[in-house]
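The structure appears below as structure tokens.
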Amino acid sequence: MNAETSADWRDEIFEVLQTHDIKQVYHVPDAGHSRLIDHCQRSNSIRTVPLTTEEEGIALAAGAWLGGQRSALLMQSSGVGNTINMMGLTKTLRFPFLTLITMRGEWGEFNSWQFPMGQGTPKVLEAMGVLVYSVDKASDVKATVDAAARAAFNGGQSVAVLLRQKLIGIKDFGKKTAK
Amino acid sequence: MSKATLQRRPLVKKILEGADDNLLVIAGLGSSNWDITEAGDRPLNMPLWGAMGAPVSMGLGLALAQPAKRVLVITGDADLMMSLGSLATVATQQPENLAIVVLDNERFGETGNQASHTSPRNNGPTDSGAGADLAMIAKGCGIADVGTVRDASEVADLVKAARTKKGPVFRLVKVMVEKLEFVMPPQDGAHLKDRFRQALLGHP
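Residue numbers (our numbering), protein chains in the order written: chain A, 365 to 543; chain B, 3 to 206.
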């Protein structure tokens with residue numbers, strides 16, 4: 365994957381969020397989402413809120429919806445585990461919820477600590493009643509995020525888009541093992 | 003044992019007195035939920051029956067979405083203890099329309115009044131906490147306007163802080179441990195959300 369291609373789909377996600385009138389974006393800083401977070405932070409129409417833990421984002425999304433605004437939660441697969449109980453709020457209150465998840469612990473992962481939650485991510489989301497969309501090709505990102513936003517905000521569903529590690533690229537940090 | 007003298011129900015009633023369409027209230031699960039409901043169930047109340055740790059974040063999302071309305075979060079010490087980081091998140095946004103009132107009875111009230119972390123350290127073997135000071139924690143998280151209320155003479159100022167003072171405002175209120183009747187609002191979360199949005203936005 366070249367840098368130009370990877371830049372494109374991140375920019376496309378930002379366009380989709382704007383098209384769907386997303387007004388609040390929550391995130392725990394994440395390398396995979398960094399370009400998108402940067403777009404959101406510079407935007408005049410989106411309020412970008414950094415979280416201390418991902419579960420805050422579910423409650424924030426509920427509050428935003430109570431107040432008439434749409435939101436999106438950006439997180440990494442490891443953050444999904446932090447949200448499980450709070451994710452129940454999307455079912456209990458039955459409010460539209462959209463989350464975009466950068467995956468770790470799958471395609472070519474170098475860090476063994478990322479595997480348990482990475483491999484568990486689709487299963488726990490499904491267990492909590494979240495619709496799981498998945499995308500591993502840059503050319504499919506825009507349509508997938510758009511479809512997810514429609515299912516969330518038109519269809520009233522709780523929807524996650526998994527941005528697979530194959531799409532994001534293998535992270536290796538270029539570090540050497542301690543001798 | 004806590005030396006608190008303030009009673010939560012009359013206190014919450016005073017805080018919510020004359021609530022109009024400008025006031026949006028979120029209450030944490032358990033006692034805080036029953037407290038705001040005894041003061042008068044209303045569509046612009048969002049009383050939680052679960053989602054421990056959610057109220058401050060929910061209040062922040064609502065405050066950002068509705069900057070012209072006053073958003074008041076009323077919750078308990080153990081609920082807030084579960085989401086201390088949300089105070090720092092509030093501080094990153096500095097919402098001028100958000101007030102947080104924590105009713106601190108130093109107990110997990112819904113599960114048998116076990117000591118919470120705000121109880122003093124040197125109580126007996128089964129009811130010692132950490133002496134955690136939530137007002138100091140809120141200040142340390144970056145909320146400048148914090149205070150602790152212990153006395154009936156301070157309640158008038160508390161009401162002003164909760165209802166009208168420029169936010170973000172945080173008030174810790176030390177309240178008595180009491181056995182009180184459950185005064186329950188509707189339980190269906192989707193209904194509570196829909197009636198709130200209907201009252202606020204004119205559609206569910």
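No residue lacks a Cβ here, since even glycine has one placed at the ideal position from N, Cα and C.
These numbers come from a predicted model, not from an experiment.
When the options are compared against residue i, the one with the closest alpha-carbon
i      : options                        : result
L544/A : D510/A, D375/A, L489/A         : This structure leaves residue 544/A out entirely; chain A is present only between 365 and 543.
P414/A : G142/B, W51/B, L100/B, G87/B   : G87/B
S2/B   : A56/B, N35/B, D159/B, A117/B   : In the structure displayed, chain B extends from 3 to 206; residue 2/B sits before or after that span and is not available.
L527/A : G396/A, D372/A, A511/A         : G396/A
G30/B  : I17/B, T77/B, M178/B           : T77/B
V488/A : K387/A, R468/A, T447/A, Q388/A : T447/A
Q483/A : L495/A, T466/A, G493/A         : T466/A
S503/A : M481/A, G493/A, K530/A, M492/A : K530/A
A163/B : N99/B, I28/B, P69/B            : N99/B
Q200/B : L438/A, G431/A, W471/A         : G431/A
G52/B  : N35/B, L136/B, I17/B           : N35/B
I145/B : E156/B, R152/B, G126/B, K168/B : K168/B
N115/B : M178/B, N47/B, V27/B           : M178/B
I410/A : Q388/A, L495/A, T383/A, A428/A : Q388/A
T383/A : A524/A, R514/A, V494/A, G520/A : R514/A
P170/B : A6/B, V73/B, N47/B             : V73/B
Q9/B   : K176/B, L194/B, T113/B         : K176/B
H403/A : F517/A, E420/A, V380/A         : V380/A
F461/A : S522/A, D510/A, G533/A         : S522/A
E112/B : F184/B, A140/B, A90/B          : F184/B
T7/B   : L194/B, K195/B, D153/B, F172/B : D153/B
D22/B  : R165/B, K141/B, H193/B, E180/B : R165/B
N24/B  : K71/B, I17/B, A56/B, L62/B     : K71/B
S435/A : E418/A, V525/A, F517/A         : F517/A
Per-residue burial, residue i [other beta carbons within 10 Å of its own, 16 or more giving buried]
i      : result
S442/A : buried
F474/A : exposed
Q405/A : exposed
S33/B  : buried
E19/B  : exposed
W477/A : exposed
P206/B : exposed
L203/B : exposed
R468/A : buried
G191/B : buried
N124/B : exposed
Q189/B : exposed
T369/A : No answer about T369/A holds up, because its pLDDT of 47 lies below 50 and its placement is not dependable.
Cutoff 6 Å; reference residue i; Cβ partners in own chain excluding five residues on either side
i      : result
R197/B : P45
P187/B : T39, D43, P49
L438/A : H391, H397, L464
W429/A : F459
W373/A : A502, V505
Contact set for residue i: own chain, Cβ-Cβ below 8 Å, skip 5 residues either direction
i      : result
S121/B : S4, E108, R109, D129, S130, G131, A132, G133
L105/B : R10, L13, V14, S33, S34, D37, I76, T77, G78, D79, V175, V177
D480/A : At residue 480/A the sequence reads Pro, which differs from the Asp that was named. So the list reads G469, once near-sequence residues are dropped.
Beta-carbon contacts of residue i that lie in its chain and below 7 Å, excluding the five residues immediately before and after
i      : result
N366/A : Per-residue confidence for N366/A stands at a pLDDT of 49, beneath the threshold of 50, marking its modelled position as unreliable; no derived number is given.
V426/A : The amino acid at residue 426/A is misidentified as Val; the sequence shows Ala. Closer than 7 Å at Cβ, skipping near neighbours: L453, L457, F459.
R11/B  : D37, E40, L182
M230/B : Outside the shown range of chain B, which is 3 to 206, sits residue 230/B, and nothing can be said about it.
D500/A : R528, K530, L531
In the region 400-419 of chain A, which residues sit with their C-beta less than 8 Å from some C-beta in chain B, listed in chain order? R411, V413, P414, L415, T416, T417, E419
When Cβ atoms are compared, which residues of the region 438-471 of chain A fall closer than 7 Å to chain B? M450, L453, T456, L457, R458, F459
Name, going along the chain, the residues of the region 371-398 of chain A whose beta-carbon falls closer than 8 Å to a beta-carbon of chain B. K387, Q388
Runs of beta strand (DSSP E) wholly within the region 371-452 of chain A (minimum 3 residues, chain order): Whole beta strand (DSSP E) segments, 3+ residues: 386-391, 411-414, 434-440.
Tell me which residues of the region 492-518 of chain A have at least one Cβ-Cβ distance to chain B shorter than 8 Å, keeping chain order. Cβ contacts with chain B: none found.
Segments assigned beta strand (DSSP E), at least 3 residues, entirely inside the region 83-134 of chain B: Here the runs fully enclosed are 100-106.
Any residues in the region 185-196 of chain B with a beta carbon nearer than 7 Å to a beta carbon of chain A? Which ones, in chain order? G191, A192, K195
Interface positions of the region 58-75 of chain B facing chain A (Cβ-Cβ less than 7 Å), listed along the chain: S59, M60, G61, L62, G63, L64, L66, A67, Q68
Suppose only complete runs of 4+ residues qualify. What are the alpha helix (DSSP H) ranges in the region 477-526 of chain A, listed by chain order? Segments of the alpha helix (DSSP H) lying fully in the region 477-526 of chain A: 479-491, 505-517.
So if I threshold CB-CB distances at 7 Å, which residues from the region 94-112 of chain B count as touching chain A? T94, Q95
Enumerate, from N- to C-terminal direction, the unbroken beta strand (DSSP E) stretches of 3 or more residues contained entirely within the region 43-82 of chain B. 47-49, 72-78
At 4 residues or longer, and completely inside the region 157-193 of chain B: list those alpha helix (DSSP H) runs for me, N to C. 157-165
Chain B contacts from the region 421-436 of chain A (Cβ-Cβ distance under 9 Å): G421, I422, A423, L424, A425, A426, G427, A428, W429, L430, G431, G432, Q433, S435
Against chain A: residues of the region 120-149 of chain B by CB proximity under 7 Å: Per Cβ criterion, the list is empty.
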